[in-house]
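Structure first, then comments.
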Amino acid sequence: AHPYARLHAKSAKEAPGQAKRRKMWNHALEKSVFTPHELSTLSAPHRRVIYTATLERHIERVHEQLLTMQLFPVPFARLETYRGLNSRTAKSMVSGLQKDVSELRMKKLELERAV
-19 AHPYARLHAK SAKEAPGQAK RRKMWNHALE KSVFTPHELS TLSAPHRRVI
31 YTATLERHIE RVHEQLLTMQ LFPVPFARLE TYRGLNSRTA KSMVSGLQKD
81 VSELRMKKLE LERAV
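In our numbering, the protein residues as written are -19 to 95.
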């Protein structure tokens, strides 16, 4: 048997007759970067390039702020616990933190409304 036969069998079982699709681009946060006119006139691939560059610039600004506050770069000793961490795990950790923050914001809003 071919070494990849079980992989092909697995993919055929999951979605018979359908090719594997790339994950769809989430456009939810584009509204915070682009105006409605830009959203309607620029193509999605072009917006994606601009959006990515905007995020990279934001990260650079955050790093600059951390440098002025002497909180960056992080000492290597503090990073040792994350050695070998792959990007998928890091993304999962960040998304978990983002979810926690959004839940805390909702609780805060509920408490403010109750007062």
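Note that beta-carbon positions come from the ideal geometry of N, C-alpha and C, so glycine has one too.
Proximity of residue i and residue j at Cβ, strictly below 8 Å
i	j	result
Y31	E10	yes
H38	F52	no
R27	F14	yes
DSSP state of residue i mapped onto helix, strand, coil
i	result
M86	helix
G76	helix
T21	helix
P16	helix
L97	The first residue shown for the chain is -19 and the last is 95, placing residue 97 beyond what the model contains.
F56	helix
L46	helix
A94	helix
H7	coil
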